[in-house]
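Undergrad:
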Amino acid sequence: MNTGPAAKEGASGPVAVQADRGGTDLVPALLDGLRGTHPAMVLLFGAEGDELAALAQALTPGLPEGCVIAGCSSAGEIGPQGYASDSVVAIGFPARHFRAAALVLPDLSALPVSGWMASLRAMARSFGHDADRSLFGLLLVDGLTGQEDALVATLDAALPSVPVLGGSAGDGLDFKVTSLLGQGVVQSNVAVFLLVETDLTIREVTFAHFSPTPTRAVVTAAIPERRRILELNAEPAADEYARLTGLTRASLTPTEFARHPLLLRMGRRHHVRAISAVTDDGGLSLMSAIDTGTVLTLGRAEDMTQGFSDALDALPRPPLMVLAFDCILRRLALERAGLMDRMSDLYRHHRVAGFNTYGEQHSGMHVNQTFVGLAFMDPAGADRVHPDAPPDPAPPDPAPSDRPHHAA
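Residue numbering for the sequence shown is 1 to 408, as defined by the UniProt record's numbering.
1) Going by the CB atoms, is the gap between C72 and L165 shorter than 9 Å?
2) Just how far apart, CA to CA, sit D50 and V186?
3) For E197, which residues does DSSP report across the bridge?
4) Where P171 and Y347 are concerned, what is the direct C-alpha to C-alpha distance, given to the nearest angstrom?
5) In chain order, what residues of the same chain lie with their CB nearer than 7 Å to the CB of T248, ignoring the 5 residues before and after it?
6) Can you give the Cα-Cα distance for R333 and G128, rounded to whole angstroms?
7) Output yes or no for whether 9 Å exceeds the beta carbon distance between E48 and T178.
8) Quick check: what's the CA-CA separation for Q369 versus V104?
9) Taking Cβ to Cβ, would you say V190 is nearer than 9 Å to L135?
10) Taking 8 Å as the limit between beta carbons, can you name the residues of its chain near A58, skipping five residues before and five after?
11) Measure the alpha-carbon distance for S363 versus P212 and round it to whole angstroms.
12) Just to confirm my understanding: we take G167, look at its own chain, exclude 5 residues before and 5 after, and list those with CB closer than 6 Å. What are they?
13) Below 8 Å, how does it come out for the region 252-269 and the region 296-310: are there three or more Cβ pairs, yes or no?
14) Ordered along the chain, which non-local residues of its own chain (more than five positions away) have a Cβ less than 6 Å from that of S309?
15) What is the rounded straight-line gap between the Cα of I202 and the Cα of N233?
16) Per the contact definition of three or more C-beta pairs closer than 8 Å, is the region 33-48 in contact with the region 144-159?
17) Go to L31, then tell me how far its alpha helix (DSSP H) extends in each direction, as first and last residue.
18) Is DSSP giving P181 helix, strand or coil here?
19) May I ask you to list the residues that DSSP assigns as paired with P61?
20) In three-state terms, what does DSSP make of D149?
21) Out of M365, M340, M377, F175, which one is the CA nearest neighbour of A84?
22) Across which residues does DSSP place M377 in a beta bridge pair?
23) Return yes when the Cβ of R336 is within less than 9 Å of the Cβ of G13, no when it is not.
24) How about L200 and H97: do their beta carbons lie closer than 9 Å?
25) Where does I240 fall in DSSP's three states?
26) Starting from M343, trace the alpha helix (DSSP H) in both directions and tell me its first and last residue.
27) Write down every uninterrupted run of the alpha helix (DSSP H) in the region 63-129 whose length is 4 residues or greater and which is fully enclosed by it, in chain order.
28) If you run the structure through DSSP and keep just helix, strand and coil, what is M321?
29) V68 CB to nearest chain B CB: under 9 Å?
30) Which class does M266 belong to by DSSP, given the choice of helix, strand or coil?
31) I need the straight-line Cα distance from P318 to V205, nearest angstrom please.
32) Between which two residues does the beta strand (DSSP E) holding G166 run?
33) I'd like to check one pair, G76 with F257: are the Cβ atoms closer than 9 Å?
34) When you compare only the Cα positions, how much space is there between V17 and A100?
35) If you draw a straight line from the C-alpha of V192 to the C-alpha of P316, how long is it?
36) Using a Cβ-Cβ cutoff of less than 6 Å, which residues in the same chain neighbour P163 once the five nearest sequence positions on both sides are dropped?
This is the structure we're talking about:
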């Protein structure tokens, strides 16, 4: 499989291409699809471990010098044809419109917050942001360390003026080992932060398909550092969750967790605290932070496709592409509802590409069962090329007097 047309010379927006994971033509297929992009940055989703390292090494000679390559293993991919599995998605961000730098934040399990903050601030200083262009951050993080909440809080404190969004790397539904690529090395127990600048118009798109029900439960015992609920309403957590949802204990699977999420209210909004598994001692293992005394609300599923379509249609212009971080539990819910093809159609229509995650980050928060995306749109005028971009084979830009101001 090789889906997605090859990029035309002087491509305006990011270009996504997809090929079968492990195929003998994987590298040529990806490079062919990126042809004409002349990328400043390439994101790779789907490969893992040594496979991811070998892929990055094989792609590098075919990409422009200085191109930033980053990526991670996934719980599924989103490519030019919508949802996919056992594939690799490569997204090229043309140097005409993008500039990027990467930083590996090491040793998540030890939470070296001071070191992270110093590195992030030094990165921002050396980046030299052009105030006429939009600046944003992308975060790829090991989805099994359980440290996303602390990490996004650190990013928000270190770079308060930079909007950051991203996703937690996965490994299918195994929840064993995830892999992240940054600065030429593939590792676990790390996060990869990308600082990116563009002259395209950008808009964040978030969508969660649940509303709260009247059913509530109090976390009466928990192990916060392990994201584990031991008791709900002073009863064993799995038994009480089964009672509240009308399910049997034996039927508690990832698919049912996706259909019946637990919601945490923060301000005026409810955020999903997704369940990943029933523990051996009858507790519930979560994918986000939890603490004793927290009041949770059982969620009710709403229309997953129409609401998403409305969110994308509300953009001021059709997107050139939407970079997507989409929770694996949303995908499982779509599969159960028989809506996978419908959602894939919407992804194709709106040019959505990315990967299925173990959690999503936006607005200084780590959330679950949410679609978090960044839409890139044409500023509706001539393009301004960054002075550090390589020579452009596309036709010359309009005269400066014809160029509009690009709002951040």
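Ideal Cβ positions, reconstructed from N, Cα and C, are used throughout, including at glycine.
Remember, predicted model here, so these are calculated numbers, not experimental data.
TA: In this structure, then:
1) The answer is no: Cβ separation not under 9 Å.
2) Each residue's alpha carbon lies about 8 Å from the other.
3) DSSP output for E197 lists R99, L135 as bridge partner(s).
4) Residue identity check: residue 171 is Asp in the sequence provided, not Pro. For the pair D171 and Y347, the Cα-to-Cα distance works out to about 22 Å.
5) Counting only Cβ-Cβ distances below 7 Å, and skipping sequence neighbours, we find A242.
6) Inspection of the sequence shows that residue 333 is occupied by Ala rather than by Arg. So the alpha carbons of these two residues sit roughly 43 Å apart.
7) Using a Cβ distance threshold of 9 Å, E48 and T178 count as a contacting pair.
8) One C-alpha to the other measures close to 26 Å.
9) No Cβ-Cβ contact shorter than 9 Å links V190 with L135.
10) If we look at A58 and ignore the five residues flanking it on each side, its Cβ neighbours are V27.
11) Linking S363 to P212 through their CA atoms gives a straight-line distance of about 21 Å.
12) F325, T357, E360, listed in sequence order.
13) Yes, the region 252-269 touches the region 296-310.
14) Leaving aside the five residues that flank S309 on each side, the residues in its chain whose CB is nearer than 6 Å to its CB run, in chain order, L346.
15) A straight line joining the alpha-carbon of I202 with that of N233 spans about 44 Å.
16) By the Cβ test, the region 144-159 is not in contact with the region 33-48, since fewer than three Cβ pairs between them sit closer than 8 Å.
17) Element bounds for L31: 26-34.
18) Note on identity: in this sequence residue 181 is Leu, with Pro being the wrong assignment. Note: L181 maps to strand in three-state DSSP.
19) Beta-bridge pairing links P61 to no other residue.
20) Secondary structure at D149: helix, using DSSP grouped into helix, strand and coil.
21) Distances from the CA of A84 to each of M365, M340, M377, F175 were compared; the closest alpha carbon is that of M340.
22) Answer by DSSP bridge pairing, in chain order: T201.
23) The answer is no: Cβ separation not under 9 Å.
24) Contact: yes.
25) It is Glu, not Ile, that sits at residue 240 in the sequence shown. E240 falls in the helix class under three-state DSSP.
26) Annotation for M343: the continuous alpha helix (DSSP H) segment containing it runs 340-350.
27) With a minimum length of 4 residues, the continuous alpha helix (DSSP H) runs that stay inside the region 63-129 are 113-127.
28) Here M321 sits in strand by DSSP.
29) Going by chain labels, chain B is absent from the structure shown, which holds only one protein chain.
30) In the structure shown, M266 falls within a strand segment according to DSSP collapsed to helix, strand and coil.
31) So the two alpha carbons sit approximately 13 Å from each other.
32) In the DSSP assignment, G166 falls within the beta strand (DSSP E) that extends over 164-169.
33) With a cutoff of 9 Å on beta-carbon distance, F257 and G76 are scored as not near each other.
34) When the Cα atoms are used, V17 and A100 turn out to be separated by approximately 20 Å.
35) Between V192 and P316, the C-alpha separation is close to 31 Å.
36) If the five residues before and after P163 are omitted, its C-beta is found closer than 6 Å to the C-beta atoms of F136, all from its own chain and listed in chain order.
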